[in-house]
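K.L.:
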Amino acid sequence: MTPIGDRKAQLLTRLSDLRDRLVKIETELDSHTTQDWDDLATEREEDEVLEGMGLSGQQEIRQIEAALHRIETGEYGFCAKCGAAIGEERLDVLPQTPFCRDCAK
Ligand SMILES: [Zn+2]
């Protein structure tokens, strides 16, 4: 059994990594201000990729924040749907998940 403090540290590390990444994405998007038509087309494509990364990052941040909240309330590690304990190996891979393997399907 992984101590809850370790889980929390793992989630907090992941959270700060994601926030750093989002700041970098924002900075990159802001730097795209070229008026050159050829460059503009390339930058538009890059922007779409970056925005997609930003959106999935924001979603993961919200999931991690929710998981941290569940740690505070003592609900962490139990499925939000059926109440079963979530397997250790599953939490190792997806520490922010609120669902057990069966309910996540
Ligand atoms: Zn479940």
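Everything in the sequence shown is counted per my numbering, starting at 169 for the first residue and increasing by one.
The beta carbon of each residue, even a glycine, is placed where N, CA and C say it ideally should be.
Do you know how far the Cα of residue 263 is from the Cα of residue 175?
P.N.:
Each residue's Cα considered, the two are about 7 Å apart.
K.L.:
Of all residues in the structure, which have a C-beta closer than 6 Å to any heavy atom of ligand 1, taken in chain order?
P.N.:
The set, ordered by position in the chain, is 247, 249, 250, 252, 267, 268, 270 and 271.
K.L.:
Among the residues of its own chain, which have a CB less than 7 Å from the CB of residue 248, if the five just before and after it don't count?
P.N.:
Contacts found: 266 and 267.
K.L.:
According to DSSP, simplified to helix, strand and coil, what is residue 248?
P.N.:
Coil at residue 248, not helix or strand.
K.L.:
Mapping DSSP to helix, strand and coil, what is residue 272?
P.N.:
Residue 272 falls in the coil class under three-state DSSP.
K.L.:
Taking Cβ to Cβ, would you say residue 183 is nearer than 8 Å to residue 229?
P.N.:
Yes. Within cutoff.
K.L.:
Can the beta-carbon of residue 296 be found less than 8 Å from the beta-carbon of residue 242?
P.N.:
For residue 296 there is no data in the structure shown, the boundaries of the chain being 169 and 273.
K.L.:
Could you give the first and the last residue of the continuous alpha helix (DSSP H) run that contains residue 178?
P.N.:
172-199 is the extent of the alpha helix (DSSP H) around residue 178.
K.L.:
Determine the contact status of residue 186 and residue 225, defining contact as a CB-CB distance below 8 Å.
P.N.:
Their beta carbons are under 8 Å apart, which means residue 186 touches residue 225 by this criterion.
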